[in-house]
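Down below is the structure, laid out as structure tokens.
Number of protein chains: 2
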Amino acid sequence: MNLWDALKREDIPSSLRICAGTDGSVTQLLEVLTGKTVNVRTQEQNVIKATPDIAELLEIKAGDEVNRRLVTLNVEEIIFVLASSLAPLKRMPKGMKDDLMRSDIPIGRILRDHRLETRRDILSIEMVHRDFFGDIPVISREYIIIYKKKVLMWINECFPVDERWRI
Amino acid sequence: MNLWDALKREDIPSSLRICAGTDGSVTQLLEVLTGKTVNVRTQEQNVIKATPDIAELLEIKAGDEVNRRLVTLNVEEIIFVLASSLAPLKRMPKGMKDDLMRSDIPIGRILRDHRLETRRDILSIEMVHRDFFGDIPVISREYIIIYKKKVLMWINECFPVDERWRI
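Protein chains in written order, with the numbering used here: chain A, 67 to 233; chain B, 67 to 233.
Structural data, given as structure tokens:
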């Protein structure tokens, strides 16, 4: 089973295939595609203590502080992405913590503003169901952002598969 | 004049807008779009001494050795991108030099294989003419890849604007 197989279904619009397959910023692609500004709407944001599972994911110790954020990326009220992220507070460069805890800044822009050199490693791409989007099929992908050889952030992005991507 | 204005013309296919606007790997996007492997065809590759202009671009000294590469990115014989790059030899991590001088490895894959943490800064995007593509209008963009706060590579990508992007 290849990482990219989930994107090969013919009913997936090209623009969605691209956003789900890029190793760059999804927000930037959405803005280029639509010619409009992407708005980030925060659904939840809090600081938690890492459970053993989260600690393993982020390669930290259980109990370490982690920023958890659940947001949607919207263009003119249409939701294109539901994005969930986990970021260990202790690994965040100075200044970035405040930006991440603000509700309205996409992660790609935060990395850019702080001029960070990073790498994105895609871990999985699959078709799933998410109550958030009702009966629509959803592409879910997981990736980590690596900074100074450690996990700066784990991200799960969910993309509804429907006509909204015919842009 | 905004960096992205050149991409706002309505006659530019979405898939081309995206490839020209991404801060990720163009090769990866082309492979996701077409579902096929991208082939790199080297037109020229040599090591030169930096002229004063090139030295300024790369923030090195005139006379420093620079790898210059001109390649096309093809999918089944169709040329999607003409890419020219300049890379100071002294800044290349061990092992990367051999890969870059081989003809058939896209730069995005070289960075990934060597697990480099980098940043891409787009410098310009504009409509131009290039004899290489005949009478077709061409989108040209320039960007630098930053590694350890220095310019690892300067890249110019030219994308022909026509029906081949309706994929």
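A virtual CB, placed ideally from N, CA and C, is assigned to each residue, including glycine. Small disclaimer: the values here were computed from a predicted structure and weren't measured.
R168 of chain B carries a coil assignment under DSSP once its states are collapsed to helix, strand and coil. Within 10 angstroms of the beta-carbon of Q94 of chain A lie 16 or more other beta-carbons, which makes it buried. In this structure, A153 of chain A lies away from V137 of chain A, with their beta-carbon atoms at least 8 Å apart. As summarised for the segment 173-202 of chain B, the continuous beta strand (DSSP E) elements at least 3 residues long and confined to that stretch are 185-194, given in chain order.
For R83 of chain B, the CB contacts under 8 Å within the same chain, skipping 5 residues up- and downstream, are L73 in chain order. One alpha carbon belongs to D197 of chain A, the other to E97 of chain A, and they sit about 26 Å apart.
The beta-bridge partner set that DSSP reports for E110 of chain A consists of A:L136.
For P118 of chain A, the enclosing alpha helix (DSSP H) starts and ends at P118 to L124. Neighbourhood of I84 of chain A in chain B, by CB distance below 9 Å: S80, S81, I84, C85, T88, L95, V98 and L99, in chain order. Judged by DSSP in its simplified three-state form, S150 of chain A adopts strand. Between L182 of chain B and chain A, the shortest Cβ-Cβ separation is below 8 Å.
CA-CA distance, G129 of chain A to D119 of chain A, rounds to 11 Å.
The beta-carbon of S91 of chain B is placed less than 8 Å from the nearest beta-carbon of chain A. Against chain B, the CB of R107 of chain A has no partner CB under 8 Å away; the residue lies outside that interface. The DSSP-derived three-state label of W231 of chain B is helix. Under the DSSP assignment, V204 of chain B falls in the beta strand (DSSP E) whose first and last residues are V204 to Y213. Secondary structure of E223 of chain B (DSSP, three-state): strand.
Per DSSP, I84 of chain A is one residue of the alpha helix (DSSP H) stretching across S80 to G87.
If you draw a straight line from the Cα of R157 of chain B to the Cα of E76 of chain A, it is about 43 Å long.
Each residue's CA atom was taken as its position, placing L218 of chain A and T117 of chain A some 17 Å apart. L124 of chain A sits buried, since 16 or more C-beta atoms from the chains shown fall within 10 Å of its C-beta.
If the five residues before and after K127 of chain B are omitted, its C-beta is found closer than 8 Å to the C-beta atoms of A116 and A121, all from its own chain and listed in chain order.
Taking a C-beta cut-off of 9 Å against chain A, the contacting residues of the segment 207-220 of chain B are I212, Y213, K214 and K215, listed in chain order. Bridge partners of E131 of chain B according to DSSP: B:K115. Going by C-alpha positions, I210 of chain A is about 22 Å away from N105 of chain A.
DSSP places L96 of chain A inside the alpha helix (DSSP H), whose first and last residues are V92 to T100.
In the assembly as shown, R186 of chain A is a buried residue. Its beta-carbon has 16 or more other beta-carbons within 10 Å.
Under the Cβ distance rule, K127 of chain A does not count among the residues neighbouring chain B, no pair being separated by less than 8 Å.
Taking a Cβ-Cβ threshold of 7 Å, the residues of chain B close to L73 of chain A are V98, in chain order. In chain order, S80 make up the part of chain A whose C-beta sits under 8 Å from the C-beta of I233 of chain B.
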